[in-house]
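Engineer: Taking my numbering, the leading residue of the sequence shown gets 3, the next gets one more, and so forth.
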Amino acid sequence: MKIEKELFPDSYSIIGYNNQNPKETLKQFSNIEYIKFEGISHKIGCVNGCITTMQASIKYNPDVIIFSHDDVSLVNTENAKKVFYDNINLIINKKYDAICRKPLPTTLYGDNYYLMEVFFISKNGAEEVFGNLKLFNDENNIHRDIRNSISPEVFLYSVINDKKLNVLEKKYIHTDYNYNITLSELMGYTHKNAGNRGWVD
């Protein structure tokens, strides 16, 4: 949050939470709206948090919406910030409706999988994709991947491509050892708890 607010002091942030309100922790920052959503478990929390914050963001008519999880932050290097700005400009200049990461090989992840930890999307794209979605009450109703595991990533791919948005798919070879290097090179971000299942912050 600190880096983003330094780069865009007038930007508006929507923070969705399903447990403890982070308002006190972030009290030094302005232009933030806090929204509580339902769904405590990890996967339904990912999906409902995405839907909730996207729907809240649309009403501000933003130039671009950047969705990220709470443990994902912008990398404070010139290279990462260039990637970040380039992604923003691709959306603002209407080259793409959305920018998402797609892991390879598809034999492991399927061909219908976008990483949800951070993605860029236009206001019109967000409205078309998320504007009328309902929150999930049961995580078993969330899309499943090729291993039959409940998958926020397959959900994201499906809802975006159901609306036939023009998506820049940043394809990459998915490995754990250089995960954040690749994330920084493609999106400008780092993921604190990448690969850690069931983590508690």
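Quick reminder that beta carbons are idealized off the backbone N, C-alpha and C, glycines included.
Report whether the distance from the Cβ of Lys97 to the nearest heavy atom of the ligand SAH is below 7 Å.
Structural biologist: Looking at this structure, you won't find the ligand SAH or any other ligand, since it has none at all.
Engineer: Considering only residues of the same chain and omitting the five flanking positions on each side of Leu106, which have a CB-CB separation below 7 Å?
Structural biologist: Same-chain partners within the cutoff: Lys173, Tyr174, Ile175, His176.
Engineer: Going by C-alpha distance, which of Asn91, Tyr191, Ser151 is nearest Ile142?
Structural biologist: Note that residue 142 is Asn in the sequence shown here, rather than Ile. Measuring from the Cα of Asn142, the nearest candidate turns out to be Ser151.
Engineer: Could you tell me the alpha carbon to alpha carbon distance between Leu110 and Ser32, rounded to whole angstroms?
Structural biologist: Spanning the two alpha carbons is a distance of roughly 42 Å.
Engineer: Which partner residues of Ala100 appear in the DSSP bridge assignment?
Structural biologist: BP columns for Ala100 point to Ile123, Val169.
Engineer: By Cβ distance, which residues of its chain are closer than 6 Å to Ile5, with the 5 residues on each side in sequence left out?
Structural biologist: Hits under 6 Å: Leu76, Asn78.
Engineer: Please report how far the alpha carbon of Lys96 lies from the alpha carbon of Ser59, in whole angstroms.
Structural biologist: Approximately 18 Å, taken between the alpha carbons.
Engineer: Between Phe132 and Lys25, what straight-line distance do the alpha-carbon atoms span, to the nearest angstrom?
Structural biologist: Each residue's Cα considered, the two are about 25 Å apart.
Engineer: Taking one C-beta from the region 81–93 and one from the region 182–192 each time, how about it: are there three or more such pairs within less than 8 Å?
Structural biologist: Result yes; three or more Cβ-Cβ pairs closer than 8 Å.
Engineer: Runs of 4 residues minimum, wholly inside the region 35–121: which ones carry the alpha helix (DSSP H) assignment?
Structural biologist: Correct list: 44–60, 80–94, 108–111.
Engineer: What's the call for Ile101, buried or exposed, on a 16-neighbour Cβ count within 10 Å?
Structural biologist: Ile101 is buried by the Cβ-count criterion.
Engineer: Where DSSP assigns a beta bridge to Ser15, which residues make up the other side?
Structural biologist: DSSP output for Ser15 lists Ile34 as bridge partner(s).
Engineer: So, with DSSP's three-state summary, where would you put Ile148?
Structural biologist: Note: Ile148 maps to coil in three-state DSSP.
Engineer: Quick one: grab the DSSP three-state call for Thr184.
Structural biologist: Helix at Thr184.
Engineer: Rounded to whole angstroms, what's the CA-CA distance from Pro64 to Ile17? Just pull it up for me.
Structural biologist: Looking at the two C-alpha atoms, the distance is approximately 15 Å.
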